[in-house]
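Residues 3 to 228, numbered by the working numbering, are exactly what the sequence shown covers, in order. Everything below concerns the one structure shown next.
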Amino acid sequence: MHACSQALLSAFDEHADSKRAMPMRAYMKDIDAFYGIPSPNRKKLCKHVLAQFPKTILTDWQHIVRDLMNKGKREAMYAAIDIAEKAHIYWDEEAIDTLLEMALYRSWWDTIDAISPLIGTYIEKNPNTRDSLIEKWMRSGNFWLQRICLLFQKRYKTRTDKELLFSLCLRLADEKEFFIRKGMGWALREYSYVNPKEVKQFVLSSPLSPLTKKEGLKVIERKHQS
């Protein structure tokens, strides 16, 4: 195990709280075990430990990420995501394998929504991979990967490929899965901050679910009411 991983996991062990861990695990539908460390405390612990490994968390990020995933505790997974993001300048084209491994590890909305913008960063660094990755994930039948397809552009703002976003929404318009419908609305809402006119036109003219339409128009309607 990498020294950074060991130090981080030791810190988590020292601050574990079994009483907090039980409701945290229940809230996340028993998807994973928890240390019971509140998010602000976890971030402070990570900041303190990672400061001791300023270089290796970047160069050895994949080793550290896998160590943390293997622990089987959700807070360790959150730390792995944070480390992967910090190391983005060291990603090569093969980094997608580790990012995908992270996405598929006990997938739930918390990790998928955090990993999606990392996928977005990767795709901007490796634009030639975009179409093949998106098509593969859209055809996978895995709704978490499909949710990533919807959300990977959520930090792009004016760089968003609207034709791609709208086409993905239409391809998934008949899906009944809550996390697809909600994710679709979220993606449209994020884009509405920079292109409200076209988002509104698309939402009102497309066969989207009521949930997707409600989520997609939230910002637009709030601005209209004010």
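Backbone N, C-alpha and C fix where the C-beta goes; we use that ideal spot for every residue, glycine too.
Ala-5: member of the alpha helix (DSSP H) spanning 5 to 16, first to last residue. In the assembly as shown, Asp-15 is an exposed residue. Its beta-carbon has fewer than 16 other beta-carbons within 10 Å.
Within the model, the alpha-carbon separation for Thr-61 versus Arg-22 is close to 34 Å.
Inclusion of Ser-207 and Val-201 in the CB contact set at 7 Å is not warranted, their separation being larger than that value. Setting aside the 5 residues that flank it on each side, Thr-160 is surrounded in the same chain by Val-196, each with a C-beta closer than 6 Å to its C-beta; the list follows chain order. The distance from the Cβ of Gly-122 to that of Tyr-80 is about 19 Å, inconsistent with a contact at the 8 Å cut-off. Cβ atoms of Leu-170 and Leu-152 come within 8 Å of each other, at about 6 Å. For Ile-114, the uninterrupted alpha helix (DSSP H) segment begins and ends at 111 to 127. Here Met-24 is exposed, its C-beta having fewer than 16 other C-beta atoms within 10 Å. Ile-59 sits buried, since 16 or more C-beta atoms from the chains shown fall within 10 Å of its C-beta. In this structure, Ile-150 and Ser-118 form a Cβ contact; the two beta carbons are roughly 5 Å apart against a cut-off of 8 Å. A direct Cα-Cα distance of roughly 25 Å separates Leu-174 from Met-30. When C-alpha distances from Met-71 are compared across Asn-130, Ile-39, Ala-13 and Tyr-107, the shortest belongs to Tyr-107. Taking all protein chains shown into account, Arg-44 has 16 or more neighbouring C-beta atoms within 10 Å of its C-beta and is therefore buried. Counted as a single uninterrupted DSSP element, the alpha helix (DSSP H) harbouring Ser-134 occupies residues 132 to 140. In this structure, DSSP gives Ala-86 a helical state, which the three-state scheme calls helix.
Inclusion of Glu-87 and Leu-120 in the CB contact set at 7 Å is warranted, their separation being smaller than that value.
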